[in-house]
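Colleague: Numbering (numbering that gives the first Met the number 0), first residue to last: 0 to 262. Glycine included, each C-beta is placed from N, C-alpha and C at the ideal position. Note that the structure is predicted; figures quoted are calculated from it, not measured.
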Amino acid sequence: MQDTIEMNDFAELTPEINTDAENINVPETDEGITDERAQIDSSDSYRQELSDMPQSELELLLSALDAILLVNNKPIPVEKLAEILEISPEAAHELVMMRKHQYDEDSRSGLQVVLLDSGIELATKAKVSDYIKKMDGQKLVSLSLPALETLSVIAFKQPVTKAEVDAVRGVNCDGVISTLLEKKLIYISGEKKVIGRPRLYSTTQDFLYYFGIKNLNELPRPVLDFDTRLLPEDGSPEYLLKEQNTQKEFNESQGFLPIEEDD
């Protein structure tokens with residue numbers, strides 16, 4: 000039984016992808032994304048480190064933070080920020096949260112600080128998105144429907160071989176996969192341990208960044224379309240979801256033979 004992925008859900012993540020590294024638009028979200036893992040409890044030591052600073056020095060650090068996030072144009076780890084600003088990672092985190100709060104509370108600003116699994120970044124608020132879209136010189140490229148469908152399959156089933164992607168889509172995806180590799184939305188993450196060692200594909204950090212999501216858990220869950228006439232009397236969609244398309248069955252259908260692990 001084949002999975003039917005609801006493409007509308009996935010496409011709503013973003014209709015456009017910016018592939019020009021020099022002209023990447025920062026993601027637009029209604030609210031700052033909070034990385035729970037980055038929300039560590041503040042200790043007296045680094046709070047004291049910031050509170051002991053002269054106001055002028057603190058304001059300079061906040062200004063430097065803005066500049067770093069703007070110039071970097073992609074998520075930057077807190078540890079790297081700390082290294083650049085020459086403060087402790089804890090103090091850097093506190094500084095980020097301070098600036099995030101200021102942007103969130105400032106209704107006059109069109110910017111926000113967002114926390115992602117991959118780091119910190121400066122983003123535009125959703126309220127100014129209509130103006131951003133009207134900017135001249137923006138090199139935005141829409142993914143074709145085949146590319147979006149292929150990317151969806153890889154995102155939901157990764158790591159996955161091209162043969163597995165072809166089986167889900169029902170067409171040869173050579174060209175589309177090459178395009179996604181070129182745009183750095185997917186990468187070769189390994190080889191399947193079967194005869195022939197076909198390549199495995201997975202999504203990149205750029206995939207998360209461009210679609211404005213923290214991690215793969217935020218992807219909409221695929222919806223499976225079951226024909227109720229095919230359900231066994233004691234079966235259920237949940238049971239079939241667990242049992243269908245096991246790796247062994249797929250390998251056999253493709254003529255793959257398992258091989259032993261390398262020593």
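Using three-state DSSP, classify Gln157 as helix, strand or coil.
Modeller: Counted from its first residue, the sequence shown places residue 157 at position 158. The answer is coil: DSSP assigns Gln157 none of H, G, I, E or B.
Colleague: What residue from Leu84, Ile75, Thr202 has the CA that sits closest to Gln157's CA?
Modeller: On the sequence shown, position 158 is the one that residue 157 refers to. Comparing Cα positions, the closest option is Thr202.
Colleague: Identify whether Gly152 lies in helix, strand or coil by the three-state DSSP scheme.
Modeller: The sequence position of residue 152 within the sequence shown is 153, counting from 1. According to the sequence provided, residue 152 is Val. The question's Gly does not apply to it. Of the three classes helix, strand and coil, the one that applies to Val152 here is helix, per DSSP.
Colleague: For Ile176, which of helix, strand or coil comes out of DSSP?
Modeller: In the sequence shown, counting from the first residue as 1, residue 176 sits at position 177. Of the three classes helix, strand and coil, the one that applies to Ile176 here is helix, per DSSP.
Colleague: Any idea what DSSP makes of Val193, helix, strand or coil?
Modeller: Within the sequence shown, the letter at position 194 stands for residue 193. Looking at Val193 - three-state DSSP - the assignment turns out to be strand.
Colleague: Just to confirm before moving on: does the CB-CB distance between Gln204 and Ser62 stay below 8 Å?
Modeller: Mapped onto the sequence shown, residue 204 falls at position 205. Mapped onto the sequence shown, residue 62 falls at position 63. Contact: no.
Colleague: Taking 8 Å as the cut-off, decide whether the C-beta atoms of Leu199 and Ile187 are in contact.
Modeller: Here residue 199 corresponds to residue number 200 of the sequence shown, with the count starting at 1. Here residue 187 corresponds to residue number 188 of the sequence shown, with the count starting at 1. Yes, Cβ-Cβ distance for Leu199 and Ile187 is below 8 Å.
Colleague: Can you list, in chain order, the residues of its chain whose CB lies under 6 Å from that of Ala37, leaving out five sequence neighbours each side?
Modeller: If you number the sequence shown from 1, residue 37 lands on position 38. The predicted position of Ala37 is uncertain, since its pLDDT is 40 and thus under 50; a value taken from the coordinates is nonetheless stated next. Here the set comprises Leu114.
Colleague: If we count the other Cβ atoms within 10 Å of its Cβ and call it buried at 16 or more, is Ser151 buried or exposed?
Modeller: What you label residue 151 is simply residue 152 of the sequence shown in a count that begins at 1. When all chains shown are included, Ser151 counts as buried.
Colleague: Does Ala154 have its Cβ less than 8 Å from a Cβ in chain C?
Modeller: Protein chain content of the structure displayed is limited to a single chain, and chain C is not contained in it.
Colleague: Once you ignore the five residues that flank Gly189 on each side, which residues in its own chain have a CB closer than 7 Å to its CB?
Modeller: Here residue 189 is taken as the residue at index 190 of the sequence shown, counted from 1. Counting only Cβ-Cβ distances below 7 Å, and skipping sequence neighbours, we find Pro158, Leu199.
Colleague: Which residues bound the alpha helix (DSSP H) around Glu120?
Modeller: Locating residue 120 in the sequence shown gives position 121, counting from the first residue. Here Glu120 belongs to no alpha helix (DSSP H); instead the beta strand (DSSP E) covers 118 to 124.
Colleague: Skipping 5 residues on each side, what residues in its chain have a beta carbon closer than 8 Å to that of Ile75?
Modeller: The residue given as residue 75 occupies position 76 in the sequence shown. Ile67, Leu68, Gly118, Ile119, Glu120, listed in sequence order.
Colleague: Going by DSSP in three states, Gln137 sits in which element: helix, strand or coil?
Modeller: The residue you call residue 137 lines up with position 138 of the sequence shown. With a pLDDT of 45 at Gln137, under the threshold of 50, the modelled position of that residue is not reliable, and the figure given next carries that caveat. Three-state DSSP puts Gln137 in coil, outside helix and strand.
Colleague: With burial defined as no fewer than 16 other Cβ atoms inside 10 Å of the residue's Cβ, what is the status of Glu56: buried or exposed?
Modeller: Mapped onto the sequence shown, residue 56 falls at position 57. Exposed: under 16 other Cβ atoms inside 10 Å.
Colleague: What residue range is occupied by the uninterrupted alpha helix (DSSP H) comprising Leu64?
Modeller: Numbered from its first residue, the sequence shown carries residue 64 at position 65. Counting along the chain, the alpha helix (DSSP H) containing Leu64 begins and ends at 54 to 71.
Colleague: Quick check on Ile218: does DSSP put it in helix, strand or coil?
Modeller: On the sequence shown, residue 218 is found 219 positions in, with the first residue counted as 1. In the sequence under discussion, the amino acid at residue 218 is Leu, which differs from the Ile named in the question. Of the three classes helix, strand and coil, the one that applies to Leu218 here is coil, per DSSP.
Colleague: Note the first and the last residue of the continuous beta strand (DSSP E) segment covering Ser201.
Modeller: Against the sequence shown, residue 201 aligns to sequence position 202. Per DSSP, Ser201 belongs to the beta strand (DSSP E) from 198 to 202.
Colleague: Between which two residues does the beta strand (DSSP E) holding Leu115 run?
Modeller: Position 116 of the sequence shown, counted from the first residue, corresponds to residue 115. 110 to 115 is the span of the beta strand (DSSP E), which, as asked, contains Leu115.
Colleague: Rounded to a whole number of angstroms, what is the C-alpha to C-alpha distance between Glu104 and Glu163?
Modeller: Numbered from 1 along the sequence shown, position 105 holds the residue referred to as residue 104. Numbered from 1 along the sequence shown, position 164 holds the residue referred to as residue 163. Distance between the alpha carbons of Glu104 and Glu163 is about 48 Å.
Colleague: According to DSSP, is Ser50 part of a helix, a strand, or is it coil?
Modeller: The residue given as residue 50 occupies position 51 in the sequence shown. Ser50 falls in the helix class under three-state DSSP.
Colleague: If you run the structure through DSSP and keep just helix, strand and coil, what is Ser188?
Modeller: Locating residue 188 in the sequence shown gives position 189, counting from the first residue. Strand.
Colleague: May I have the straight-line CA-CA distance separating Gln54 from Leu60, to the nearest angstrom?
Modeller: Within the sequence shown, the letter at position 55 stands for residue 54. Within the sequence shown, the letter at position 61 stands for residue 60. Distance between the alpha carbons of Gln54 and Leu60 is about 10 Å.
Colleague: Where do the ends of the alpha helix (DSSP H) carrying Ser128 lie?
Modeller: Indexing the sequence shown from 1 puts residue 128 at position 129. Start and end: 128 to 132.
Colleague: What first and last residue would you give for the alpha helix (DSSP H) that runs through Glu82?
Modeller: The count along the sequence shown starts at 1 and reaches residue 82 at position 83. Counting along the chain, the alpha helix (DSSP H) containing Glu82 begins and ends at 77 to 84.
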